[in-house]
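Undergrad: This structure is in structure tokens; I'll ask about it shortly.
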Amino acid sequence: MNMNVVDKEQERLAEEGTSEGKKKKLLGAIAPLLIAAVCVLLYFILPDFTIGGGKAYVVTLGNVEVIPGKTTVQELADAGYDFSDLSGASSKWDEDGSLHMLYPNVYDLSGEAEANTLYISIVLVKDQEQAASVSIVNMKSNAAPISECIISDISVEKGDYEADKASLIGIPFDQLSEEVLTEEAGKPESTPDYSDDVTWEKGKFGMGLVFDESGAVESFSSDFNVH
Numbered sequence: 059m060n061m062n063v064v065d066k067e068q069e070r071l072a073e074e075g076t077s078e079g080k081k082k083k084l085l086g087a088i089a090p091l092l093i094a095a096v097c098v099l100l101y102f103i104l105p106d107f108t109i110g111g112g113k114a115y116v117v118t119l120g121n122v123e124v125i126p127g128k129t130t131v132q133e134l135a136d137a138g139y140d141f142s143d144l145s146g147a148s149s150k151w152d153e154d155g156s157l158h159m160l161y162p163n164v165y166d167l168s169g170e171a172e173a174n175t176l177y178i179s180i181v182l183v184k185d186q187e188q189a190a191s192v193s194i195v196n197m198k199s200n201a202a203p204i205s206e207c208i209i210s211d212i213s214v215e216k217g218d219y220e221a222d223k224a225s226l227i228g229i230p231f232d233q234l235s236e237e238v239l240t241e242e243a244g245k246p247e248s249t250p251d252y253s254d255d256v257t258w259e260k261g262k263f264g265m266g267l268v269f270d271e272s273g274a275v276e277s278f279s280s281d282f283n284v285h
């Protein structure tokens with residue numbers, strides 16, 4: 059038994075010494091590099107390409123498009139939006155007696171975001187009002203300015219600032235429903251029969267609706283899975 063093993067190993071070594079053997083060994087070494095190079099090439103040539111398929115569900119706020127996985131913090135800043143969180147909020151009582159939150163304190167976008175880090179529960183601000191909730195991610199292997207972070211998900215609620223001008227995949231907020239999105243995106247992954255929301259997923263991208271007690275759409279969301 060041991061002799062056969064030695065013989066097979068000697069045969070392998072002898073084969074590697076031939077020109078054909080050397081060629082096989084070289085191909086085996088460079089194959090992973092070729093695969094990696096093709097993936098990088100596809101990323102730059104086809105920015106919407108992802109393993110597993112799918113493309114982002116685009117959200118529109120006023121005149122700006124938000125594409126999870128692609129839109130940067132700086133692009134939204136250029137469109138007139140700021141970024142904050144609850145630590146930057148101040149409360150205000152409305153005439154009807156309800157508590158209203160304003161965001162006069164916003165992020166300095168030149169501040170540093172840590173490498174490969176996701177930041178959640180961020181408020182997208184317009185005129186000190188909440189326009190949406192977002193998560194941002196620095197997908198780089200080194201620290202970078204907040205302005206260079208990517209929007210990984212966005213959620214718009216019915217009471218958000220200018221929600222009446224918001225849309226999901228081109229459908230205005232007030233026209234959103236499970237039926238309408240099913241016509242555009244196919245059958246959802248979950249339904250209100252056993253969940254508080256409805257979600258669609260394809261590849262790294264997803265979108266969803268959340269309903270209030272009356273069955274009306276309370277909020278919608280779009281996201282990019284960074285993992």
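When we follow our numbering, the leftmost residue of the sequence shown carries the number 59, and every step to the right adds one.
The beta carbon of each residue, even a glycine, is placed where N, CA and C say it ideally should be.
Counting pairs of beta carbons, one from the region 256–263 and one from the region 235–244, are three or more of them closer than 8 Å?
TA: The region 256–263 is in contact with the region 235–244.
Undergrad: In chain order, which beta strand (DSSP E) runs of at least 3 residues are fully inside the region 138–186?
TA: If we require 3 residues or more, the beta strand (DSSP E) runs fully inside the region 138–186 come out as 140–142, 148–151, 157–160 and 175–184.
Undergrad: So, helix, strand or coil for K216, using DSSP?
TA: In the sequence shown, residue 216 corresponds to position 158, counting from 1. It is coil, neither helix nor strand.
Undergrad: What's the C-alpha gap between Y219 and F278?
TA: What you label residue 219 is simply residue 161 of the sequence shown in a count that begins at 1. What you label residue 278 is simply residue 220 of the sequence shown in a count that begins at 1. Using only the alpha carbons, I get a separation of about 14 Å.
Undergrad: When you compare each of S235, F282, V183 and M159 to K262 by their alpha carbons, which one comes out closest?
TA: In the sequence shown, residue 262 corresponds to position 204, counting from 1. K262 has its Cα closest to that of F282, out of S235, F282, V183 and M159.
Undergrad: Need the endpoints of the beta strand (DSSP E) that A224 sits in, please.
TA: For the purposes of this step, residue 224 is taken as residue 166 along the sequence shown, with counting starting at 1. Start and end: A224 to L226.
Undergrad: Might you give, ordered along the chain, the residues of its own chain that have their beta carbon closer than 8 Å to the beta carbon of V275, omitting 5 neighbours on each side?
TA: Position 217 of the sequence shown holds residue 275. The residues are K216, F231, L234, S235, L267, V268 and F269.
Undergrad: Measure the CB-CB distance between V192 and I209 and report whether it falls below 8 Å.
TA: Taking the first residue of the sequence shown as 1, we reach residue 192 at position 134. Taking the first residue of the sequence shown as 1, we reach residue 209 at position 151. Yes, the Cβ-Cβ distance between V192 and I209 is below 8 Å.
Undergrad: Rounded to whole angstroms, what is the Cα-Cα separation between K184 and D140?
TA: Against the sequence shown, residue 184 aligns to sequence position 126. Against the sequence shown, residue 140 aligns to sequence position 82. Between K184 and D140, the C-alpha separation is close to 6 Å.
Undergrad: Counting only beta-carbon separations shorter than 8 Å, does L182 have a partner in chain B?
TA: Structure shown: chain B not included; a single protein chain is present.
Undergrad: Name the DSSP bridge partner or partners of D255?
TA: Working through the sequence shown from its first residue, we reach residue 255 at position 197. V268.
Undergrad: For S280, is the classification buried or exposed, using 16 other Cβ atoms within 10 angstroms of its Cβ as the cut-off for buried?
TA: As a working mapping, residue 280 is identified with position 222 in the sequence shown. Looking at its Cβ environment, which holds 16 or more other Cβ atoms inside 10 Å, S280 is buried.
Undergrad: Who are the near neighbours of S272 in its chain, counting only those whose CB is closer than 6 Å to its CB and skipping five residues on each side?
TA: Numbered from 1 along the sequence shown, position 214 holds the residue referred to as residue 272. Excluding residues within five positions, none has a Cβ falling inside 6 Å.
Undergrad: What does the Cβ neighbour count give for L157, buried or exposed, with the cut at 16 atoms within 10 Å?
TA: The count along the sequence shown starts at 1 and reaches residue 157 at position 99. Per the 10 Å Cβ criterion, exposed.
Undergrad: Check for me: the beta strand (DSSP E) holding E247 runs from which residue to which?
TA: Along the sequence shown, read from residue 1 onward, the residue named residue 247 stands at position 189. Looking at the DSSP string, E247 is not in any beta strand (DSSP E), and its letter there is neither H nor E.
Undergrad: Closer than 7 Å by C-beta to I125: which residues in its own chain qualify, once you throw out the five before and the five after it? Chain order, please.
TA: Locating residue 125 in the sequence shown gives position 67, counting from the first residue. Answer for I125: A114 and V116, listed in chain order.
Undergrad: Kindly indicate which three-state DSSP category I204 falls into: helix, strand or coil?
TA: Mapped onto the sequence shown, residue 204 falls at position 146. Helix, per DSSP.
Undergrad: Helix or strand or just coil, what does DSSP make of V195?
TA: Stepping through the sequence shown from its first residue, residue 195 is reached at position 137. Strand.
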